[in-house]
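Residues 542 to 835 in my numbering are what the sequence shown lists, from first letter to last. Yeah, the Cβ is synthetic: ideal placement off N, Cα and C, and Gly gets one too. Below is one structure, written out as C-alpha cells; the observations come after it.
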Amino acid sequence: MYWDKPRLGRNDACWCGSGKKYKKCHAAFDVHMEELYEQGFLLPYHDTLKGPHDIEGIKRSAEINIGILDYVADHIGPGVTTEQIDQWVYDYTIEHGGTPADLGYEGYPKSVCTSINEVVCHGIPSKDDVLKEGDIVNVDCSTILDGYYSDSSRMFCIGEVSEERKKLVQVTREAMLKGLEQVKPWELLGNVGAAVKQHAETHGYSVVREFGGHGIGFDFHEDPFVSHVSEPNTGMVMVPGMVFTIEPMINAGTQEINMSHPNGWTVVTADGKDTAQWEVQVLVTEDGYELLSW
Ligand code: MF3
Ligand code: CO
Numbered sequence: 542m543y544w545d546k547p548r549l550g551r552n553d554a555c556w557c558g559s560g561k562k563y564k565k566c567h568a569a570f571d572v573h574m575e576e577l578y579e580q581g582f583l584l585p586y587h588d589t590l591k592g593p594h595d596i597e598g599i600k601r602s603a604e605i606n607i608g609i610l611d612y613v614a615d616h617i618g619p620g621v622t623t624e625q626i627d628q629w630v631y632d633y634t635i636e637h638g639g640t641p642a643d644l645g646y647e648g649y650p651k652s653v654c655t656s657i658n659e660v661v662c663h664g665i666p667s668k669d670d671v672l673k674e675g676d677i678v679n680v681d682c683s684t685i686l687d688g689y690y691s692d693s694s695r696m697f698c699i700g701e702v703s704e705e706r707k708k709l710v711q712v713t714r715e716a717m718l719k720g721l722e723q724v725k726p727w728e729l730l731g732n733v734g735a736a737v738k739q740h741a742e743t744h745g746y747s748v749v750r751e752f753g754g755h756g757i758g759f760d761f762h763e764d765p766f767v768s769h770v771s772e773p774n775t776g777m778v779m780v781p782g783m784v785f786t787i788e789p790m791i792n793a794g795t796q797e798i799n800m801s802h803p804n805g806w807t808v809v810t811a812d813g814k815d816t817a818q819w820e821v822q823v824l825v826t827e828d829g830y831e832l833l834s835w
C-alpha cells in the first residue's frame, strides 16, 4: 500500500492540513496514488507533500530569499569581496526574522555560497576574494523561516564579461528554464533533467552529475534527488504538492569536477574551465508549476 497510515474517514479533516473534509480534498488523489503505486510507479513519500499552510510558510521564507538575491543584484560589482556578500546575506536574513540555512549546515562556516568562474559550487565567502571585472559568480542562498526552507541561486556578471562567459551564463539559464517547462503533474521527473542535458549539450557544454536538485520545504534537502542528466520518462512521478529545486551546474569544458579542496567544501572543474549554475525552487500544482524562489 502506498500510504501505511490508518485510512481517513470521508468526513475527517484532510491530512494535508487544508481544514477541508477528506472527501472534498485529497480522497480522490489518494485513490490515484494507490493505483500508480500498484502499477509500479515511483512516488514521493506522503509526508514530504506540502499542504496549503506549508506552501504559505515556504512562500514567506522564499520572500526573504528572493529579497536577498535582489539586494545582491543591486550592490554586487567590481571590488566587492565575497565576505561582504556574506555579511549582506546574514544581515538581511536576520533583519527579516529568518536564519541562513547554510550557516552551520554540516559545519559550513558561512551564510551563503559564492562560486566564481571555475568554482562549480560551495565557494566559501572570503575577504581575500575580491570580485573583478570579467568574473562570473554564482550566489546560492537558502533561508529558514518558521521551520520552512527556501533555496535559490543566480549568476552575476561583474562589469564587462567576455562573450564566452556571457554565453555560458545565458545557456545555463535557458537549460534551467527548459527543465522547468517539464514540470507537469503526473508526469515523470526524469523529463526535467533530460531537457536540461539536451539544451546544455546542444551548445557543446557538459552537465555536472554529482550534484542535483532536491526536495525541500520541511528540511533543506529532502527526496527526491533531481538529476540534471536523466532520461525522459524515468524516475519519480511529479505530484501536486511536491516542492523541489532545479539547479543545473553546466561546465564549459568536461563534466569532471574536483571535490578534494582542502577546505572540505569548494568544488572546482577538473579542467579549470568556467562553470555556471542557476537554481529555482518550484511547486508542482494541479495544472503545472508555481515558482516559489528564484
Ligand atoms: N544551497 C545549496 C543547494 O542548492 C546547498 C549549500 S550547503 C552549504 O542545495 F552548506 F554549502 F551551504
Ligand atoms: Co539547492
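Looking at ligand 2, does it come within less than 7 Å of residue i, judged from the CB to the closest heavy atom?
{"i": "HIS769", "result": "no"}
{"i": "GLU820", "result": "yes"}
{"i": "HIS838", "result": "Given a span of 542 to 835 for the chain in the structure shown, any question on residue 838 remains unanswerable."}
{"i": "GLU751", "result": "no"}
{"i": "ASP692", "result": "yes"}
{"i": "HIS755", "result": "yes"}
Tell me whether residue i is buried or exposed, calling it buried when 16 or more other Cβ atoms sit within 10 Å of its Cβ.
{"i": "TRP819", "result": "buried"}
{"i": "PRO803", "result": "exposed"}
{"i": "VAL737", "result": "buried"}
{"i": "ASP692", "result": "buried"}
{"i": "LYS707", "result": "exposed"}
{"i": "TRP629", "result": "buried"}
{"i": "PRO585", "result": "buried"}
{"i": "ALA817", "result": "buried"}
{"i": "ALA741", "result": "buried"}
{"i": "HIS755", "result": "buried"}
{"i": "ILE605", "result": "buried"}
{"i": "ASN774", "result": "exposed"}
{"i": "ILE635", "result": "exposed"}
{"i": "SER834", "result": "buried"}
{"i": "VAL661", "result": "buried"}
{"i": "VAL825", "result": "buried"}
{"i": "GLY700", "result": "exposed"}
{"i": "HIS567", "result": "buried"}
{"i": "VAL572", "result": "exposed"}
{"i": "ALA614", "result": "exposed"}
{"i": "GLU659", "result": "buried"}
{"i": "ALA569", "result": "exposed"}
{"i": "SER694", "result": "buried"}
Does DSSP put residue i in a helix, in a strand, or in coil?
{"i": "TYR543", "result": "coil"}
{"i": "PHE792", "result": "Checking the sequence shown, residue 792 turns out to be Asn, not Phe. Looking at ASN792 - three-state DSSP - the assignment turns out to be strand."}
{"i": "VAL660", "result": "strand"}
{"i": "TYR563", "result": "helix"}
{"i": "GLN818", "result": "strand"}
{"i": "ASP643", "result": "coil"}
{"i": "GLY598", "result": "helix"}
{"i": "VAL823", "result": "strand"}
{"i": "MET696", "result": "strand"}
{"i": "PHE846", "result": "Since the displayed the chain opens at 542 and closes at 835, residue 846 lies outside it and no answer follows."}
{"i": "ASN606", "result": "helix"}
{"i": "ILE757", "result": "coil"}
{"i": "GLU579", "result": "helix"}
{"i": "ILE617", "result": "coil"}
Return the Cβ separation of residue i and residue j in integer angstroms, given the expectation that the two are a contact with Cβ distance under 8 Å.
{"i": "SER559", "j": "GLY581", "result": "Between GLY581 and SER559 the Cβ distance is about 29 Å, and since that is not below 8 Å, they are no contact."}
{"i": "VAL821", "j": "THR786", "result": "7 Å"}
{"i": "TYR543", "j": "ASP553", "result": "The Cβ separation is near 18 Å, so there is no contact."}
{"i": "PRO789", "j": "MET696", "result": "Wrong, their Cβ atoms sit about 12 Å apart, outside the cutoff."}
{"i": "ALA793", "j": "TYR746", "result": "6 Å"}
{"i": "GLY608", "j": "TYR633", "result": "7 Å"}
{"i": "ALA642", "j": "PHE761", "result": "5 Å"}
{"i": "THR655", "j": "GLU763", "result": "About 25 Å; that fails the 8 Å criterion."}
{"i": "GLY720", "j": "GLU772", "result": "Not quite, the Cβ-Cβ distance comes to about 14 Å (not below 8 Å), so this is no contact."}
{"i": "LYS651", "j": "ASP627", "result": "5 Å"}
For ligand 1, any of its heavy atoms closer than 7 Å to the Cβ of residue i?
{"i": "THR786", "result": "yes"}
{"i": "CYS654", "result": "yes"}
{"i": "SER683", "result": "yes"}
{"i": "ASP571", "result": "no"}
{"i": "HIS802", "result": "no"}
{"i": "HIS663", "result": "yes"}
{"i": "ASP764", "result": "no"}
{"i": "TRP806", "result": "yes"}
{"i": "TYR631", "result": "no"}
{"i": "TYR869", "result": "In the structure as shown, the chain starts at 542 and stops at 835, and residue 869 therefore has no counterpart that could be examined."}
{"i": "GLU647", "result": "yes"}
{"i": "ASP670", "result": "no"}
{"i": "ASP760", "result": "no"}
{"i": "ASP627", "result": "no"}
Considering only residues of the segment 722 to 749, which uninterrupted alpha helix (DSSP H) runs meet the minimum length of 4 residues and lie entirely inside it, listed in chain order? 731 to 743
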